[in-house]
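Trainee: Quick one: the structure is below, questions incoming.
Protein chains in written order, with our numbering: chain W, 1 to 724; chain U, 1 to 161.
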């Protein structure tokens, strides 16, 4: 099978982000980042703006007289600076300090190079900045356009590819321009472009310094004329970009809860790592969109399934305004009429959104996540009425689900979405493309038709939530109960002590996948049934020391390099932790959480999307994926601390699942409505300090206490082994 | 359960109007730009031409997905061409490689923006007839088949451009 590529991919990736931009680099000086992707090495470095990949690798070459070199070849030091990345380079008598930052002021990346001449003679340094334009939305994963329109303007060069464009600006005007390494005198140029280059002359007197600033920004071509003055400010004050990012990060971090686990310091470190990773995914790319991108380097757009998992964590971290705006963004693109050309059915929520707006539908589960997120937002903020537009959106979600529901069993049907999109678009293209994916669940390269277990759990949660939120206007009473009864009757797989992964026709699909754990987390299987399912999932054919596989290695189709057919995914590992804690197995749950925390803390593993199924090595993996941090964060709050927040009723439930032997744990700044509380746990009690405007009732399994504003009280708590 | 999508230009017109009304005209511009980017960036327009013993063409990008492809199959008018009759290369002056050598151990590694020329020994009886060339690829990293289909009348003589 495919082995790890020999090409250099060992450098630790660096991702710098602003709210609408990202820089991807290997930290050696240029914006280049060769990474293994789908089994081959792909250059992932460059600039992303507004979810559009603007450039490929962006490199700087140095020349003095006849001597030439590259920026990475001269690197002597490098590292993180607040909001950016800095490298120091020595070349002959020159010292160059470069700072790179992704801007928040404009969708782009700024590089400043301060050159100091330590010699005795004037040096005329020639810097050649070059890149390959890409100008394709990141959703078009494998495509790099070749034809572009190029235009020089008085103080910039613009590159355009259909509706997408970029602008290159500088503080020192270029002496020469190059297209495909041939000199170009400027003006207008249209055709195949593999590289655009700019040579800048920078004379530096002995003992003095000179600085050049380069800015590449863009995304939507129509937005290039907007915010031009912000670009000017960046050219005069290039450090502003890093300062802005650092200040926003600091404010966010200071507002987030603080966790302390003296008995499990690795969990504490993992929490810090996960929060930092999650923060890098925050995105407001334009067109009024707010959310978090799914990951880097190749999923830098708002993928709404991923966003749903991320928003659970965002809610626990208390950023409820961002959560509200993110939900609003997704609901704005809810399909209001059948749109087969983009894969949409009435009521469906989009698979993916990016500025343009560009949006596509066609997943079997994304739509089902959002009712519960709506309820979570209400419960955390204390809002009793659904915000404007949410009630209708909720009704349309339920209608969408009911149209796909088997009237007898109540099971929701998944599969066939990609096929329908291909069929709908066949007539409008003279060159056709397709991926023969029969199904679009969370494991969208696996065939899990027709009734995947996790999709049923989502549908059940959706019905339950809609009934609570809409009351008499919600789904017919009994819908959720009938579905739960079908799940309990039709999915148990006695030979395995597990659940079928799906049902096709009238038979269960006998594949051991981690998705069955979602039925435990959802509360559909409880008690001994839940513990049996968790114990089965924890066996070595599915669970290995570095996580949980997407498919048991005993399955005849198992392949350790197949994305959803044997690779280890951290989100699946988090599902095991969550289900174990829900089933009353705290030792197992904490052990699995520690594995994730250790992975997050290990260079080279970190927040990777997935790993080979046969060894702890990232393969075909985004190096930073929200899926790999958000469910871990949520499980710490929801399951390990056992928190149930309902600010509408001014209530907090605390049912910690800390293993026997733990002596203390602390949580500060948990947001509940307009207030926040601190929790100090010791065996037998939780000490609560409440800072909200009204009373708060806290229940911890062995008693209930109501606290007034500013009060502190001890609440009796049950030991975790009495929970189930 | 899911109704079959309606077909025909009227349906497309209706969908276009719906997009414009519900999401603004910018959505039409942007979605069209994405569709055109995909359509024009893979098959090198006009590259399909007749050769002495078959056809040749070029792709400027892998179809939709990059990767190490362990399987490569090519069909002409729905008929699979034996792998030993297909060869490919990254560009002029580079060595040809037979499709028969593509295996999991020696996959076809195809990154974004990489141009690849194909040369296929296959009988094309009618010089004026349109042919349908379909390239199918499979990577073990993500198993579902990825394909690209081009329908065109092959030009005669050397490859254009």
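The C-beta atom is built at its ideal place from N, Cα and C for all residues, glycine as well. Here the structure is a predicted model, which is why all the values come from computation and not from measurement.
1) Name, in chain order, the residues that DSSP records as bridge partners for residue 202(W).
2) I'd like to know whether the C-beta of residue 663(W) is nearer than 9 Å to at least one C-beta of chain U.
3) What is the DSSP secondary structure of residue 622(W), counted as helix, strand or coil?
4) Tell me the DSSP secondary structure of residue 312(W) in three-state form.
5) Within the same chain, show all residues whose beta-carbon is closer than 6 Å to that of residue 135(U), passing over the 5 residues directly before and after it, in chain order.
6) Find the nearest neighbour of residue 612(W) within the set 637(W), 546(W) and 584(W), judged by alpha-carbon distance.
7) Would you check if the distance between the CB atom of residue 101(W) and the CB atom of residue 238(W) is smaller than 9 Å?
8) Interface residues of chain U around residue 336(W) at Cβ under 9 Å?
9) Straight-line CA distance for residue 73(W) to residue 57(W)?
10) Rounded to whole angstroms, what's the CA-CA distance from residue 705(W) to residue 141(U)? Just pull it up for me.
11) Looking only at its own chain, which residues have a Cβ that is under 8 Å from the Cβ of residue 384(W), when we skip the five neighbours before and after it?
12) If you measure from the beta carbon of residue 761(W) to each beta carbon in chain U, is any gap under 9 Å?
13) For a test of the three-state rule: what should DSSP assign to residue 712(W), helix, strand or coil?
14) Just the Cα atoms here: how many angstroms apart are residue 110(U) and residue 62(U)?
15) Is it buried or exposed for residue 32(W), if we count other Cβ within 10 angstroms and need 16 for buried?
16) With distances taken between CB atoms, is the gap from residue 483(W) to residue 469(W) smaller than 9 Å?
17) Can you list the residues of chain W that residue 60(U) reaches, using a CB-CB cut of under 7 Å?
18) What is the DSSP secondary structure of residue 707(W), counted as helix, strand or coil?
19) Please identify, using Cβ separations under 8 Å, the residues of the segment 550 to 563 of chain W that lie next to chain U, in order along the chain.
20) Just the chain U side, please: which residues come within less than 8 Å of residue 445(W) by C-beta, in chain order?
21) Would you give the residue range spanned by the alpha helix (DSSP H) that residue 26(U) belongs to?
22) So the alpha helix (DSSP H) residue 96(U) belongs to, where does it begin and stop?
23) Strictly below 7 Å CB to CB, what residues from chain W border residue 27(U)?
24) Using 9 Å as the limit for Cβ to Cβ distance, is residue 709(W) near chain U?
25) Among the residues of its own chain, which have a CB less than 7 Å from the CB of residue 104(U), if the five just before and after it don't count?
26) Whose C-beta lies closer than 8 Å to the C-beta of residue 710(W) among residues of the same chain, with five residues either side of it excluded?
27) Considering only DSSP beta bridges, list what residue 131(W) is partnered with.
28) Roughly how many angstroms separate the alpha carbons of residue 717(W) and residue 518(W), rounded to a whole number?
29) Start and end of the beta strand (DSSP E) containing residue 56(U)?
30) Could you confirm whether any beta carbon from chain U is found closer than 9 Å to the beta carbon of residue 143(W)?
31) Applying a beta-carbon distance threshold of less than 9 Å, which residues of chain W neighbour residue 41(U)?
32) Less than 9 Å separating the beta-carbons of residue 140(W) and residue 34(U)?
33) What are the complete alpha helix (DSSP H) segments, minimum 4 residues, inside the segment 486 to 521 of chain W?
34) Mind checking if residue 438(W) is an interface residue toward chain U, Cβ cutoff 9 Å exclusive?
35) Is it true that the segment 65 to 82 of chain W meets the segment 90 to 97 of chain U, where meeting means three or more beta-carbon pairs spaced less than 8 Å apart?
36) Can you give me, in chain order, the residues of the segment 160 to 181 of chain W that have a beta carbon less than 9 Å from any beta carbon in chain U?
Mentor: Considering the structure as presented:
1) 125(W)
2) no
3) coil
4) helix
5) 74 and 148
6) 546(W)
7) yes
8) 18 and 22
9) 16 Å
10) 54 Å
11) 378 and 648
12) There is simply no residue 761(W) to check, as chain W begins at 1 and stops at 724 in what is shown.
13) strand
14) 6 Å
15) buried
16) no
17) 146
18) strand
19) 559, 561, 562 and 563
20) 142, 143 and 144
21) 25 to 41
22) First-last for residue 96(U): undefined, no H or E at that position.
23) 356 and 357
24) no
25) 70 and 140
26) 690 and 691
27) 58(W) and 196(W)
28) 27 Å
29) 54 to 59
30) yes
31) 136, 140, 143, 144, 145, 146 and 147
32) yes
33) 517 to 521
34) yes
35) no
36) 161, 162, 163 and 164
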